[in-house]
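Visitor: Residue numbers (the numbering used here): 14 to 173.
Note that beta-carbon positions come from the ideal geometry of N, C-alpha and C, so glycine has one too.
I'd like to ask you about the structure that follows.
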Amino acid sequence: LFHRFVRPTAMSEQRINQYIEGKYWKFVNRVWHDTALPFKEVLLQFEAWLTQHQLWTKESGGPLNRAAFITCGDWDLKTKVPEQCKVSMIKLPPYFMEWINIKDAYSNFYWTEVSGMRTMLNHSNIPLQGSHHLGIDDTKNIARVLQRMLSDGAFMQITA
């Protein structure tokens with residue numbers, strides 16, 4: 014599991030403090046912010062992690078090797094990561110150019126409309142663990158939905 018906090022660069026200190034104080038979102042604390050790393054550094058660490066686990070090589074420069082990102086919607090990898098790469102003056106890495114949107118996969122497999130992670134958890138009778146919208150907890154909950162789908166016979170394909 015790879016997990017890092019990325020230091021916000023385009024957010025004022027006042028706005029960061031409002032997040033930490035819980036005005037916009039609870040569960041962010043000062044330690045997370047103070048130990049967060051710049052996006053470029055996290056990306057380098059992530060690429061080292063991918064390489065260490067034989068999921069990608071810089072030499073190939075292409076998509077992931079026998080792996081895929083699972084997202085809950087397209088926004089993170091379609092919009093936010095490319096925006097962050099642009100702000101950080103980094104070319105969008107090719108491994109971020111395809112993913113599996115679990116909402117689409119879930120809807121197609123179970124023949125039901127879902128609006129998000131909570132809907133999939135509820136529909137699958139899986140209790141929410143941790144805090145909704147806290148990245149690491151959302152990741153673990155999405156993984157639990159994925160595990161259920163795979164145990165029910167779902168086959169995952171790139172959706173975007």
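What's the C-alpha gap between L77 and S25?
Guide: If you number the sequence shown from 1, residue 77 lands on position 64. If you number the sequence shown from 1, residue 25 lands on position 12. Between L77 and S25, the C-alpha separation is close to 35 Å.
Visitor: Find the nearest neighbour of A81 within the set W112, R28, D89, judged by alpha-carbon distance.
Guide: Walking along the sequence shown from the start, residue 81 turns up at place 68. Closest by alpha carbon: W112.
Visitor: Between the C-alpha atoms of H136 and L90, what's the straight-line distance to the nearest angstrom?
Guide: Working through the sequence shown from its first residue, we reach residue 136 at position 123. Working through the sequence shown from its first residue, we reach residue 90 at position 77. Straight-line Cα distance between these residues: approximately 25 Å.
Visitor: Taking 7 Å as the limit between beta carbons, can you name the residues of its chain near Q142, skipping five residues before and five after?
Guide: Here residue 142 corresponds to residue number 129 of the sequence shown, with the count starting at 1. Closer than 7 Å at Cβ, skipping near neighbours: D150, K153, N154.
Visitor: Could you check the C-alpha separation between P51 and G148 for me, to the nearest Å?
Guide: Position 38 of the sequence shown, counted from the start, is the residue given in the question as residue 51. Position 135 of the sequence shown, counted from the start, is the residue given in the question as residue 148. Computed Cα separation, rounded: 17 Å.
Visitor: If you follow the alpha helix (DSSP H) that K116 is part of, which residue opens it and which one closes it?
Guide: Counting from one through the sequence shown, the residue named residue 116 turns up at place 103. Element bounds for K116: 115 to 123.
Visitor: Give me the DSSP bridge partner(s) of I171.
Guide: On the sequence shown, residue 171 is found 158 positions in, with the first residue counted as 1. DSSP, once it has assigned bridges, lists no residue as partnering I171.
Visitor: Taking the alpha-carbon of G75 as reference, which of I83, N138, Y108 has the nearest alpha-carbon?
Guide: Sequence index remark: in the sequence shown, residue 75 carries index 62 (1-based). Checking every option, the nearest Cα to that of G75 belongs to Y108.
Visitor: Rounded C-beta distance between L159 and I83? I'm assuming under 8 Å.
Guide: On the sequence shown, position 146 is the one that residue 159 refers to. On the sequence shown, position 70 is the one that residue 83 refers to. Contact holds; Cβ gap of about 6 Å.
Visitor: Between E54 and K71, is the Cβ-Cβ spacing less than 8 Å?
Guide: Position 41 of the sequence shown, counting from 1, holds the residue named residue 54. Position 58 of the sequence shown, counting from 1, holds the residue named residue 71. No, they are not a contact pair.
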